[in-house]
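Participant:
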Amino acid sequence: MKQHKQQEILVIGSFMMDLVVRTPRVPENGETIIGLDFHRFPGGKGANQAVAASRLGGRVAMAGKLGEDGFGDAFLSVLKEESINSD
3 MKQHKQQEIL VIGSFMMDLV VRTPRVPENG ETIIGLDFHR FPGGKGANQA VAASRLGGRV
63 AMAGKLGEDG FGDAFLSVLK EESINSD
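Residue 89 is where the sequence shown ends in my numbering, and the numbering goes up by one at each step.
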C-alpha cells in the first residue's frame with residue numbers, strides 16, 4: 003500500500019461564533035419573547051475548513067483574528083482539541 007505524505011495546510015480565514023437561542027415559537031414582528039435555551043457554536047468559513055482538513059489527516063495551521071475574550075478563548079480550545087496550530 004502506498005504511503006501518503008501528511009499535507010501541510012495553512013488556512014487564513016474567519017472565526018465566527020454562532021449564538022443560538024431556542025424559543026417556544028417564532029416571535030411576531032417587533033415582539034420580544036423569552037428564550038428557553040442558549041448555546042454557542044464555534045464556526046466561520048476558515049475555522050470550519052481548518053477543522054475539516056485536520057480531521058482528514060492534514061497538518062493544519064490557522065491564521066485569523068481572535069479577540070481577547072471568552073469567544074477567543076473558546077476558539078483556542080477548539081483549535082487545540084482539533085490539533086490545529088495557532089501559534
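Every residue gets a Cβ at the ideal spot worked out from N, C-alpha and C, and that includes glycine. Computed from a predicted model, the values in this text were never measured in an experiment.
1) Under 8 angstroms by Cβ, that's how I've got A63 and N87 pegged, so tell me the actual separation to the nearest angstrom.
2) Please report how far the alpha carbon of L21 lies from the alpha carbon of A65, in whole angstroms.
3) On the criterion of 16 or more Cβ atoms from any shown chain inside 10 Å, does A54 qualify as buried, or is it exposed?
4) Would you report the Cα separation of S85 and E33, rounded to the nearest angstrom?
5) Are the Cβ atoms of R61 and Q8 separated by less than 7 angstroms?
6) I'd like to know whether the C-beta atoms of L38 and R24 end up nearer to each other than 7 angstroms.
7) Excluding the 5 residues flanking F73 on each side, which residues of the same chain have their C-beta closer than 7 angstroms to its C-beta?
Facilitator: Here's the rundown:
1) 4 angstroms
2) 22 angstroms
3) exposed
4) 43 angstroms
5) yes
6) yes
7) M19
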